[in-house]
Amino acid sequence: MIALDGVTKKYRTEGRPKVVLDNVDMIFETGHSYALLGVNGAGKSTTLRVISGMELPNSGRVRRSSRVSWPIGLASGFHPLMSGFDNVRFAARVYGEDMRRVVNFVQEFAEIGDYIHEPVKTYSSGMMARLAFGLSMAISFDVYLVDEVTAVGDARFQKRCAEAFEARKRTSDMIVVSHSMDTVAQYCDRGALLVDGRLFSYNSVNEAVSAYMRLNR
Numbered sequence: 036m037i038a039l040d041g042v043t044k045k046y047r048t049e050g051r052p053k054v055v056l057d058n059v060d061m062i063f064e065t066g067h068s069y070a071l072l073g074v075n076g077a078g079k080s081t082t083l084r085v086i087s088g089m090e091l092p093n094s095g096r097v098r099r100s101s102r103v104s105w106p107i108g109l110a111s112g113f114h115p116l117m118s119g120f121d122n123v124r125f126a127a128r129v130y131g132e133d134m135r136r137v138v139n140f141v142q143e144f145a146e147i148g149d150y151i152h153e154p155v156k157t158y159s160s161g162m163m164a165r166l167a168f169g170l171s172m173a174i175s176f177d178v179y180l181v182d183e184v185t186a187v188g189d190a191r192f193q194k195r196c197a198e199a200f201e202a203r204k205r206t207s208d209m210i211v212v213s214h215s216m217d218t219v220a221q222y223c224d225r226g227a228l229l230v231d232g233r234l235f236s237y238n239s240v241n242e243a244v245s246a247y248m249r250l251n252r
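Sequential numbering from 36 applies to the sequence shown in the numbering used here.
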């Protein structure tokens, strides 16, 4: 279970305040996967970072009774001067995982060959995404936060990503940010719609999608 208790998140952009979450109360219940929907610029990615703990709210608190992932596909947490190998080992150590198992999984899944031993700053964006996705799948979480990353790489790699998601879906919940309604329908059974700092909860993902589509008319 993840609960937002009076959470406010805001920042300044071009000298003006931008309110992403305005005193929001919401519970993401265990046993359900949620689509997090909203128009471009609504603050969906920021909301995921607040849920994960990567960013702190300005006020209120986030309660987590489950092991929650970082936003899947996020590569900004890698140290650019360290190799992919060392970054993966570090993450495994932080999460108390077997380092050899995690490294072996990522090497096999990401398919970046000897580049695993090169500094991350030398990676292409595609290689970075593969490494980040592989690491996300190597560590087990109760709730996976997913931010528009199901289309990483070529068609064959995308198929592997989809298969990995399906495997995690059987044992874990997800909160999914995506502009693909097919994707949210595939992975989610409930929804939340972010509009002007307010977060509206729906017990049916179809209801959430319908509300989102009305915003885009």
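The beta carbon of each residue, even a glycine, is placed where N, CA and C say it ideally should be.
Give a yes or no on whether the C-beta atoms belonging to Pro92 and Lys44 are separated by under 8 angstroms. yes
Considering only residues of the same chain and omitting the five flanking positions on each side of Val240, which have a CB-CB separation below 7 angstroms? Ala70, Val219, Ala220, Cys223, Asp224, Arg225 and Gly226
Would DSSP call Arg205 helix, strand or coil? coil
Neighbourhood of Met162 by C-beta distance below 7 angstroms, restricted to the same chain and skipping five residues each side: Ile147 and Tyr150
Helix, strand or coil: which one does DSSP assign to Thr65? coil
Between which two residues does the alpha helix (DSSP H) containing Lys79 stretch? Lys79 to Ser87
Thinking C-alpha only, which one of Asp208, Leu228, Gly232 and Ser236 is nearest Met36? Asp208
Per-residue burial, Thr206 [other beta carbons within 10 Å of its own, 16 or more giving buried]: exposed
Residues in the same chain with beta-carbon distance under 6 angstroms from Ala38, minus the five sequence neighbours each way, listed in chain order, please. Ile62 and Arg98
Assuming the contact rule is C-beta atoms closer than 8 angstroms, Lys156 and Pro115 should be a hit. Round their C-beta distance to whole Å, please. 4 angstroms
Decide if Asp182 is buried, meaning its Cβ has at least 16 other Cβ atoms within 10 Å, or exposed. buried
For Thr48, does the count of other Cβ atoms within 10 angstroms reach 16, so buried, or fall short, so exposed? exposed
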